Every structure is written in C-alpha cells, then in structure tokens.
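Peer 1:
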Amino acid sequence: MYVAQDSRQYYFAVASYAAGPRVGPLSPAISATARPPIGSSPPALNDPRSFYGYLWSNAVTLPSGAEPSAVDESRRVFSRGLAAPRMTTVCWTPSTDCLSIQTLTRVNTVVTSLSASRDGRLFFIEDGQWVGVISSDVLQAQAVVAAGAGVRLGQIALDPMFHLTGFLYVSEIGAGAGGSCELRVVRYRVAENLAGEGDALVNIPMPSCVGTGDFTVTSDGHVYVAVPAAAGGQQTAHSGMLLRFNVDGTVPGEQSGSPTFATGYATPTAIAFDGLTQRLWLAGVDDAGRPSVSSLGERTSALLIPAVSLATSAGANGNEYLFAASGEDNMGRAIVAADGSLGTTSQLTIGTGLIHSVAAGLAGDLYLAVQTPSAAGFTTSILRLTPTQSR
Numbered sequence: 117m118y119v120a121q122d123s124r125q126y127y128f129a130v131a132s133y134a135a136g137p138r139v140g141p142l143s144p145a146i147s148a149t150a151r152p153p154i155g156s157s158p159p160a161l162n163d164p165r166s167f168y169g170y171l172w173s174n175a176v177t178l179p180s181g182a183e184p185s186a187v188d189e190s191r192r193v194f195s196r197g198l199a200a201p202r203m204t205t206v207c208w209t210p211s212t213d214c215l216s217i218q219t220l221t222r223v224n225t226v227v228t229s230l231s232a233s234r235d236g237r238l239f240f241i242e243d244g245q246w247v248g249v250i251s252s253d254v255l256q257a258q259a260v261v262a263a264g265a266g267v268r269l270g271q272i273a274l275d276p277m278f279h280l281t282g283f284l285y286v287s288e289i290g291a292g293a294g295g296s297c298e299l300r301v302v303r304y305r306v307a308e309n310l311a312g313e314g315d316a317l318v319n320i321p322m323p324s325c326v327g328t329g330d331f332t333v334t335s336d337g338h339v340y341v342a343v344p345a346a347a348g349g350q351q352t353a354h355s356g357m358l359l360r361f362n363v364d365g366t367v368p369g370e371q372s373g374s375p376t377f378a379t380g381y382a383t384p385t386a387i388a389f390d391g392l393t394q395r396l397w398l399a400g401v402d403d404a405g406r407p408s409v410s411s412l413g414e415r416t417s418a419l420l421i422p423a424v425s426l427a428t429s430a431g432a433n434g435n436e437y438l439f440a441a442s443g444e445d446n447m448g449r450a451i452v453a454a455d456g457s458l459g460t461t462s463q464l465t466i467g468t469g470l471i472h473s474v475a476a477g478l479a480g481d482l483y484l485a486v487q488t489p490s491a492a493g494f495t496t497s498i499l500r501l502t503p504t505q506s507r
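Okay, structure coming up:
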C-alpha cells in the first residue's frame with residue numbers, strides 16, 4: 117500500500133501472465149479510496165480480511181444532497197463510483213456467434229469516440245470537454261486531456277504504435293483567427309494516463325463550428341481529415357473534401373502542395389482505418405441527403421441511417437468485418453469482400469440503449485458506448501463485448 121500526498125490510500129492490482137500473447141485477469145482493483153473519517157482508524161495492516169473490507173467500504177459515494185449535474189470535476193469523480201460490473205450474453209442476428217458483455221463503467225456524461233490501445237487501455241471523449249481513460253478495467257478519475265475555454269473536442273485517434281510512442285491525436289473545434297471556426301488536430305504525448313502539452317499539427321478553417329471533426333491516423337504515417345460542406349453556400353477552400361497530411365502536419369510531396377486528397381461528404385459522420393487491409397472507410401451524408409459508407413477508392417454502400425461510428429476487425433473465422441453504430445438501439449456488422457464491397461450483414465441489439473460509439477480491441481473484443489434513460493436524464497454505459505461460443 118502507498119499513502120499518497122493527496123490523502124488517499126492507493127491499492128495496486130496485480131496481473132498474471134500466462135502462455136500466449138494475452139495477459140491474465142487482474143485482481144479486483146481500486147485506484148484510490150478516502151481516508152477514514154475523523155475519529156476512526158483504519159484496520160491493522162496485518163489483518164488482510166479487514167483491510168480489504170475497509171477498502172471497499174470507503175469507496176467514493178455521492179455527497180448527501182449533491183446532484184449528478186453538479187460541478188464538472190465532482191460529477192466526474194462521482195460518475196466513476198457508478199460502475200457496477202455485470203455480465204450477460206448477446207448474439208448477432210441472423211447469425212450463430214455470440215458475445216459476453218461486461219459493463220466497465222457507467223457515467224452521467226455523453227461518451228463518444230472510443231479508441232482502444234494495444235496495451236489494453238480504452239480512451240474516449242466525455243461531453244466534448246475531456247478525454248477519459250479506462251486502464252486495467254478501472255475508470256481513472258483524472259482526465260487525460262481537458263478542453264480549453266471555447267474549445268470542443270471532436271474525435272480522438274491513437275497512434276498505431278501508441279504502446280511505444282504514447283501519441284494521442286485529438287481534433288479540437290473552436291475560434292480561429294478573426295473569430296472564424298477552425299478545426300485543429302493536436303498531438304499529445306500520454307504518460308501515466310496524463311497528457312503533456314499539445315502540439316497543433318493541422319489548422320483547417322471550417323465553414324461553421326458544427327461537426328464532429330472526423331479524422332484518423334494511419335499506419336503508413338498519414339492523418340486524414342474529413343471536412344464538412346457549409347449550409348447556405350458559405351464554403352471554404354476545403355469544404356466537403358477529404359484532406360491528407362503527414363503525421364507532422366506537412367503536406368505529402370506527391371500532393372503538389374495541396375492537402376486535398378479526395379472528394380468527401382457534405383456531412384461526414386465517421387471515419388476508420390483498417391490497418392490489416394490498409395483500407396480507409398468514410399461514412400457520411402451527401403448533398404442530396406443520402407447516407408452511405410465508402411471504402412475509399414473502391415466501393416460505396418448505401419445506409420438507411422447515417423453511421424456515427426465505425427470500427428473494423430478480423431473474425432476468428434477469417435472474415436473481415438466492418439461495424440457501424442448509428443445512435444440507434446442496434447449496431448450493424450457487415451462482411452467486407454476483397455474488393456471493399458459489403459456482403460452479409462447482421463445486427464446486434466443491447467437492450468433499449470442507444471449505441472453511440474464502437475471500437476475494436478485485441479482478440480476480437482468490441483467496446484461500445486450505450487446511452488440509456490435514467491433518473492438523472494441518461495446514463496452512458498461503456499461495455500466490453502468478448503466473442504464466446506456460438507449459440
């Protein structure tokens with residue numbers, strides 16, 4: 117046990133290593149607990165049973181009379197006390213493969229842009245104001261990145277070699293020169309789940325401050341940014357275009373000085389890169405109001421509802437899958453053919469919750485952000501779905 121200067125007692129969990137690439141299960145973990153109330157004493161350290169009971173009994177709870185919508189930092193700490201792991205199983209329809217569900221945490225914030233790292237951490241954006249992280253299945257109380265005044269965080273992307281570089285990329289939307297809107301792609305280096313000072317790599321004038329700042333970072337060293345078109349004809353030089361930069365923010369030499377790489381969507385809604393097939397996916401709505409998803413330079417497939425989040429993964433059966441969440445109560449999955457076209461599709465429903473974000477992890481795991489009504493307005497559950505036996 118380590119007693120920190122911030123008057124909290126920290127308990128460190130231990131992971132076991134087994135044969136193969138996977139780390140064994142963590143012991144039950146608590147990131148920190150409060151000291152005992154004035155006038156009481158902690159149990160003796162030579163009494164493990166009492167000590168562990170003491171740790172659990174002093175978990176952070178909501179102060180009497182406080183509301184979940186109180187001061188932001190207080191709400192964030194309380195939100196982390198809402199986690200209540202529970203397991204269940206869901207299956208794709210029509211299909212025979214199923215997944216077990218583990219609830220990692222529940223928060224009273226809007227969670228978007230899930231991104232899983234190879235070292236097992238899960239990053240995400242809360243309320244467009246913070247980048248949060250779940251590490252070793254524990255939701256960390258302190259934000260990795262906090263937005264500055266007048267800035268909204270749009271999307272995050274991890275460097276494909278994040279486990280070595282620690283680079284986290286964030287799209288930030290706010291006022292630029294002259295008061296016009298600007299999209300900035302900022303690179304942060306993360307150490308011990310906290311980011312240092314950001315380095316703005318790309319500054320793109322935006323037709324308006326509306327949009328999610330869709331971008332991704334690819335394993336071949338490029339940053340792709342999808343810029344929306346403007347309503348009412350107030351276009352910028354890059355409206356409705358897909359831009360490509362080097363990861364240092366410069367324009368690739370083969371693009372003759374222009375960042376424009378391809379024509380995009382009037383309203384881009386999601387972007388993803390499949391590192392295994394080196395295929396870039398872009399979803400959005402065209403200027404005629406038709407939603408679709410495109411494997412860039414290959415095929416475009418119509419959608420009934422615009423996708424707000426995309427992820428790719430390889431199945432144990434050898435299939436390549438594209439997952440699409442649309443903020444509805446189900447998520448779609450399609451088999452990707454060699455030419456980039458979409459084949460057999462199936463659906464996954466998580467109760468009555470609305471699925472706002474999806475990310476793929478190692479060994480076929482999926483992560484979802486699912487929003488459901490609650491007494492406080494809504495609750496967002498962050499779930500891990502692990503492939504299990506077929507039904």
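Sequential numbering of the sequence shown, starting at 117, is according to this note's numbering.
We put the beta carbon where it would ideally sit given N, CA and C, even for glycine.
All figures in this text were calculated on a predicted structure; none of them were measured in a lab.
Does the structure place the segment 416-428 close enough to the segment 460-470 that three or more beta carbon pairs sit under 8 Å?
Peer 2: Contact between the segment 460-470 and the segment 416-428 is absent, because fewer than three Cβ pairs lie under 8 Å.
Peer 1: What's the gap between the Cα of alanine 291 and the Cα of valine 267?
Peer 2: The residue given as residue 291 occupies position 175 in the sequence shown. The residue given as residue 267 occupies position 151 in the sequence shown. Those two C-alpha atoms are separated by around 8 Å.
Peer 1: Give the DSSP-derived three-state secondary structure of histidine 472 in the structure shown.
Peer 2: The residue you call residue 472 lines up with position 356 of the sequence shown. The answer is strand: DSSP assigns histidine 472 an E or B state.
Peer 1: Any contact of the segment 443-450 with the segment 380-391, i.e. 3+ C-beta pairs under 8 Å?
Peer 2: Output reads no: the segment 380-391 does not touch the segment 443-450.
Peer 1: In this structure, does DSSP put glycine 480 in helix, strand or coil?
Peer 2: If you number the sequence shown from 1, residue 480 lands on position 364. Glycine 480: helix per DSSP, three-state reduction.
Peer 1: Is the distance from the Cβ of leucine 215 to the Cβ of tyrosine 483 below 7 Å?
Peer 2: Working through the sequence shown from its first residue, we reach residue 215 at position 99. Working through the sequence shown from its first residue, we reach residue 483 at position 367. The answer is no: Cβ separation not under 7 Å.
Peer 1: Alpha carbon to alpha carbon, how far is glycine 327 from valine 302?
Peer 2: Within the sequence shown, numbered from 1, the residue matching residue 327 stands at position 211. Within the sequence shown, numbered from 1, the residue matching residue 302 stands at position 186. Answer to the nearest angstrom: the Cα atoms are 17 Å apart.
Peer 1: Hey, isoleucine 498 and threonine 212 are a contact pair by Cβ (cut 8 Å); roughly how many whole angstroms apart?
Peer 2: For the purposes of this step, residue 498 is identified with residue 382 of the sequence shown, where counting begins at 1. For the purposes of this step, residue 212 is identified with residue 96 of the sequence shown, where counting begins at 1. With a Cβ gap of about 27 Å, isoleucine 498 and threonine 212 do not count as contacting.
Peer 1: Roughly how many whole angstroms lie between the Cα atoms of asparagine 362 and tyrosine 285?
Peer 2: Taking the first residue of the sequence shown as position 1, residue 362 is located at position 246. Taking the first residue of the sequence shown as position 1, residue 285 is located at position 169. Distance between the alpha carbons of asparagine 362 and tyrosine 285: 13 Å.
Peer 1: What is the DSSP secondary structure of threonine 332, counted as helix, strand or coil?
Peer 2: As a working mapping, residue 332 is identified with position 216 in the sequence shown. The answer is strand: DSSP assigns threonine 332 an E or B state.
Peer 1: Could you tell me the distance, in whole angstroms, from the CA atom of alanine 492 to the CA atom of valine 223?
Peer 2: Within the sequence shown, the letter at position 376 stands for residue 492. Within the sequence shown, the letter at position 107 stands for residue 223. Near 11 Å, if we compare the C-alpha coordinates of valine 223 and alanine 492.
Peer 1: State the DSSP-derived secondary structure class of alanine 150, mapped to helix, strand or coil.
Peer 2: The residue given as residue 150 occupies position 34 in the sequence shown. Residue confidence for alanine 150 is low, a pLDDT of 40 falling below 50, so the modelled location carries little weight; the figure read from the coordinates is stated next. In this structure, alanine 150 counts as strand in the three-state DSSP scheme.
Peer 1: Smallest Cα separation from cysteine 297: which of Ser355, His472 and Ala273?
Peer 2: On the sequence shown, residue 297 is found 181 positions in, with the first residue counted as 1. Selected option, being the one with the closest Cα: Ser355.
Peer 1: From this set, Val339, Tyr304 and Asn309, which residue's C-alpha is nearest aspartate 320's C-alpha?
Peer 2: Against the sequence shown, residue 320 aligns to sequence position 204. Position check: residue 320 holds isoleucine in this sequence, whereas aspartate was assumed. Selected option, being the one with the closest Cα: Val339.
Peer 1: Threonine 281 by DSSP, collapsed to three states: which one?
Peer 2: Translated into positions along the sequence shown, residue 281 becomes position 165. Here threonine 281 sits in helix by DSSP.
Peer 1: At what residue ranges does the segment 367-445 contain a whole run of the beta strand (DSSP E), taking only runs of 3 or more?
Peer 2: 376-379, 383-390, 395-401, 407-411, 415-418, 425-430 and 436-441, all fully within the segment 367-445.
Peer 1: Considering asparagine 309, what are the terminal residues of the beta strand (DSSP E) in which it resides?
Peer 2: Stepping through the sequence shown from its first residue, residue 309 is reached at position 193. Unbroken run through asparagine 309: none, as it is neither H nor E.
Peer 1: Do valine 343 and alanine 311 have their CB atoms nearer than 7 Å?
Peer 2: Within the sequence shown, residue 343 is the residue found at index 227, counting from 1. Within the sequence shown, residue 311 is the residue found at index 195, counting from 1. No, they are not a contact pair.
Peer 1: For glycine 295, which three-state DSSP category applies?
Peer 2: Position 179 of the sequence shown holds residue 295. DSSP places glycine 295 in helix when its eight states are reduced to three.
Peer 1: If I'm right that phenylalanine 239 touches isoleucine 272 with Cβ under 8 Å, what's the distance once you round it to whole angstroms?
Peer 2: Taking the first residue of the sequence shown as 1, we reach residue 239 at position 123. Taking the first residue of the sequence shown as 1, we reach residue 272 at position 156. Indeed they touch by this definition, with Cβ atoms about 6 Å apart.
Peer 1: Please name the residue, chosen from Asp364, Ser457, Phe494 and Gly236, that lies closest to threonine 468 on a Cα-to-Cα basis.
Peer 2: If you number the sequence shown from 1, residue 468 lands on position 352. Of the listed residues, the one whose Cα sits closest to threonine 468 is Phe494.
Peer 1: Would DSSP call asparagine 224 helix, strand or coil?
Peer 2: Locating residue 224 in the sequence shown gives position 108, where the first residue counts as 1. In the structure shown, asparagine 224 sits in coil (DSSP, three-state: anything other than H, G, I, E or B).
Peer 1: For the beta strand (DSSP E) holding proline 503, just list the boundary residues, first then last.
Peer 2: Locating residue 503 in the sequence shown gives position 387, where the first residue counts as 1. Residues 493-503.
Peer 1: Could you tell me the alpha carbon to alpha carbon distance between valine 409 and leucine 458, rounded to whole angstroms?
Peer 2: Position 293 of the sequence shown holds residue 409. Position 342 of the sequence shown holds residue 458. Each residue's alpha carbon lies about 10 Å from the other.
Peer 1: By the 10 Å Cβ neighbour count, where 16 or more other Cβ atoms means buried, how is isoleucine 421 classified, buried or exposed?
Peer 2: By one-based count along the sequence shown, residue 421 stands at place 305. With fewer than 16 Cβ atoms within 10 Å of its Cβ, isoleucine 421 is classed as exposed.
Peer 1: Strictly by DSSP, which residues pair up with methionine 447?
Peer 2: Within the sequence shown, residue 447 is the residue found at index 331, counting from 1. Per DSSP, Ala441 and Leu464.
Peer 1: Could you name the residues of the same chain whose beta carbon sits closer than 8 Å to that of threonine 205, not counting the 5 residues immediately before and after it, in chain order?
Peer 2: Along the sequence shown, one-based indexing puts residue 205 at 89. Only Cys214, Leu215, Ser216, Ile217 and Thr504 meet the Cβ criterion.
Peer 1: Below 6 Å CB to CB, which residues in the same chain sit around threonine 496 once its five sequence neighbours on both sides are set aside?
Peer 2: As a working mapping, residue 496 is identified with position 380 in the sequence shown. If we look at threonine 496 and ignore the five residues flanking it on each side, its Cβ neighbours are Val223, Val227, Ala485 and Gln487.
Peer 1: Distance, Cα to Cα, valine 474 vs threonine 366?
Peer 2: One-based indexing of the sequence shown puts residue 474 at position 358. One-based indexing of the sequence shown puts residue 366 at position 250. Approximately 30 Å between the Cα atoms of the pair.
Peer 1: Using alpha carbons as the reference points, say which of Asp235, Ala259 and Asp253 lies closest to isoleucine 241.
Peer 2: Position 125 of the sequence shown, counting from 1, holds the residue named residue 241. Checking every option, the nearest Cα to that of isoleucine 241 belongs to Ala259.
Peer 1: Straight-line CA distance for leucine 501 to aspartate 481?
Peer 2: Indexing the sequence shown from 1 puts residue 501 at position 385. Indexing the sequence shown from 1 puts residue 481 at position 365. Spanning the two alpha carbons is a distance of roughly 6 Å.
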